[in-house]
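Structure first, then comments.
Structure, rendered in structure tokens:
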């Protein structure tokens, strides 16, 4: 089963926005056993949209279209779809009620352009958009499915999860696939592959293993293809157990979540708290943790100590240590992480100090040199890393590595 | 002049990576007067790649292709291009020397697969990739240009900036366009449009104005089309002056930079320092500032004070204030921002405290309620905002708004 994604609108073509919708949709489709053949971004142009839909329909069974559903005259997706299917337009009462309800809630007058949001091609089945005024639309013709959705991410996501994916599963005889993700941190793809080579070789034929590497983490995704759900789930559980036992402390989670969430869940379960002392990451680690809902049950806060003075004042780092060993040194990172533990009264702390670049490097400490410290009452561990010469990558790499180091300490029995 | 972008590789189609390359390329092309007609992501499949290139060449004059140039057997872009142009392969000596140099630098043996990176279609002109082993390739056929580049962002960016764009400008009679961007913050697109309506109406015909809104900021982009560079630059400068005078303190910069960079530049020029006290943004504002190279000349550091205790300890917020007025209140944000100013000895400070969601809202203080404080020695300004109900958007919106508030204060004469 093949799908194509078409995004309509000039914002992507002029580079004003990055198309993150399509990646999300592709993930969802792949997880449901639908392979994405092509993703195309086209302009708000009638002929161009018609061509793109026709080309996609020649390659795929499902064509998912986003964008071009706003109330302005640029937005021509609906009328172009009517032209494609050679049908007229109808006014959909449920959509009109939805639009009226949304306008009433915000005390805004309902203008003609807004009423026209309820006009849809005659042959479509409306997918009610509870989060916005533009309706989703489902078309079925010659055994192919066409779906039109708004380009606003949360509206599209809601429609996909609640309506489109279930309808696709009901409409097509999709392969039944179950997934299990193992999140690992701190080891490269080839190293992991070597460690689990024999397990991978002995996987039963209905189980596939994929490596999905991303900046210091690798996701191992097991996919089970078959009809007997119970049997497939048992098989997945068995292989997951084998892999996690083999990979030991490299494993951060056995579900598809980011590393920061895995840490928050583990620490919340154990009623542990965390604080941070960030220098070269400049608040990025705090940002990762606090992007997760409910972070406050674990994360108490942190210091972004960019200057020497801040390292002394907020973390109690010794002035002599700074001036004698430098801000990027084992001694400093140890004092930083122990200072955070003490001053911020948390069970665990992370400290990082390094040279993110592009300036500030020296022959002894080139750009990319980073010291990471993790600590709890009975133990402090400090390690030196040398990453690359790109500032943003150094920041991201340091953050992931520091979380990996914390995870290892979390797993060690308390003395 | 029309271009199309084709990205090759399964990573985008399975949703593993988001295609940010294409947005960047589209920006560069648009700035050079080349309109992007379509962006397509296709799989590592010979027939599919051939079809995609053929379709693109029927619509556009320039076809930019990224990806599929690695050393593994999945990477078939080069041989497929040779098939498309009906030519054989040749070994390029300059590329081979480059590959050998890179392997020597890392003390790695040069394997057969690596040597084959120097094989390219016979009809191509090699664009030497100084940042990696995969060469860029330039093809010219029937008046159309085809360019193949690696998908690794910094390799592609370097090739585009240093080689591809200059060659495109030399090969085609491109419209001459000059741009001037005005970055505004704190006002919506329609409000700005109303304020400058008369200036916009009187723009000379060779000057176009575009509104590029994004999360609390709006970029006004003036584009001048013409042959006489000096005259066009004068016209741009004149219109920029009119617009910035009219828009006053809304204007953050007259170049195309992010708001945080505009603030850092302004403060660096005035030798001012900045500290932060972040609660609901959880380090995100610090992260924005510290993502900019050289941030340390202005930014001394900050507190991410998630808990009551951290607000008291790091910022000296009064325990009574917290318990009587709550963490999200005018009183608290004032004490936070003045505490930052005092404890971190900076000239300016920003403090934010709010309810990012999804939990923690009350009828009086719903999710999205945020207090923002900005301060310097002679003045503290605190304002309340009510944003939406999405955590990530609330964090981002708060950060941009707080920077906008700081900018206003930076512009006020010191008492």
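Residue numbers (the UniProt record's numbering), protein chains in the order written: chain A, 1 to 415; chain B, 1 to 415. Cβ atoms here follow ideal geometry from the backbone N, Cα and C, with glycine treated the same way.
Interface residues of the region 283-296 of chain A facing chain B [CB-CB below 8 Å]: 283, 284, 285, 286, 287, 289, 290, 291, 293, 294, 295 and 296
Minimum C-alpha distance to residue 121(B) - residue among 1(B), 135(B), 110(B) and 189(B): 135(B)
Proximity winner among 133(B), 370(B) and 412(B), relative to residue 396(B) (alpha-carbon distances): 370(B)
CB contact flag (residue 77(A), residue 148(A), <8 Å): yes
Burial state of residue 445(B) (16 or more Cβ within 10 Å): Residue 445(B) is absent from the model: chain B starts at 1 and stops at 415.
Whole-angstrom distance between residue 38(B) and residue 129(A), CA atom to CA atom: 28 Å
Among 230(B), 414(B) and 380(B), nearest to residue 405(B) - alpha-carbon criterion: 380(B)
Members of the region 191-220 of chain B that neighbour chain A once the beta carbon cut-off is set at 8 Å: 212 and 214
Contact with chain B by residue 13(A), beta-carbon distance below 8 Å: yes
Option in 352(A), 392(A) and 342(A) with minimal Cα separation from residue 378(A): 342(A)
Buried or exposed (CB count within 10 angstroms, at least 16 for buried), residue 138(A): buried
Boundaries (first-last residue) of the alpha helix (DSSP H) holding residue 237(A): 229-247
Residue-chain proximity (residue 345(B), chain A), Cβ-Cβ < 8 Å: yes
Range of the contiguous beta strand (DSSP E) that encloses residue 89(A): 89-91
Per-residue contacts from residue 335(B) into chain A (C-beta, under 9 Å): In chain order: nothing, as chain A lies at least about 16 Å away.
Selection from 105(A), 160(A) and 83(A) that minimises the alpha carbon distance to residue 32(A): 160(A)
Distance CB(residue 118(B))-CB(residue 110(B)) smaller than 8 Å: no
Where the region 373-391 of chain B meets chain A: residues whose CB sits under 9 Å from a CB there: 390 and 391
Neighbouring residues, chain A, relative to residue 24(B) (Cβ below 9 Å): 15 and 18
C-beta contact flag for residue 71(B) and residue 113(B) at 8 Å: yes
Inter-stretch contact (C-beta, 8 Å, three-pair minimum) for the region 238-256 of chain A and the region 215-225 of chain A: yes
Rounded straight-line distance, which links the Cα of residue 367(B) to that of residue 287(A): 19 Å
Paired residues, beta bridge with residue 139(A) - DSSP: 146(A)
Positions along the region 312-336 of chain A whose CB lies within less than 8 Å of some CB in chain B: 313 and 314
Same chain, Cβ closer than 8 Å to residue 174(A), neighbours up to 5 away in sequence not counted: 1, 32, 33, 34 and 168
Chain B contacts made by the region 142-163 of chain A, where a contact means CB separation under 9 Å: 154
Any chain A beta carbon closer than 8 Å to residue 103(B): no
Where the region 253-271 of chain A meets chain B: residues whose CB sits under 9 Å from a CB there: none
Those residues which DSSP pairs with residue 178(A) across a bridge: 224(A)
Contiguous alpha helix (DSSP H) assignments of at least 4 residues, all confined to the region 320-389 of chain A: 330-343
Members of the region 51-85 of chain A near chain B, C-beta cut-off 7 Å: 55
Residue 18(A), DSSP secondary structure in three states: coil
Residue interval of the alpha helix (DSSP H) (run including residue 315(A)): 308-315
Any C-beta of chain B under 8 Å from that of residue 106(A): no
Buried versus exposed, by CB contacts within 10 Å (16 or more), residue 190(B): exposed
Contacting positions in the region 388-414 of chain A - beta carbon closer than 8 Å to chain B: 390, 391, 392 and 395
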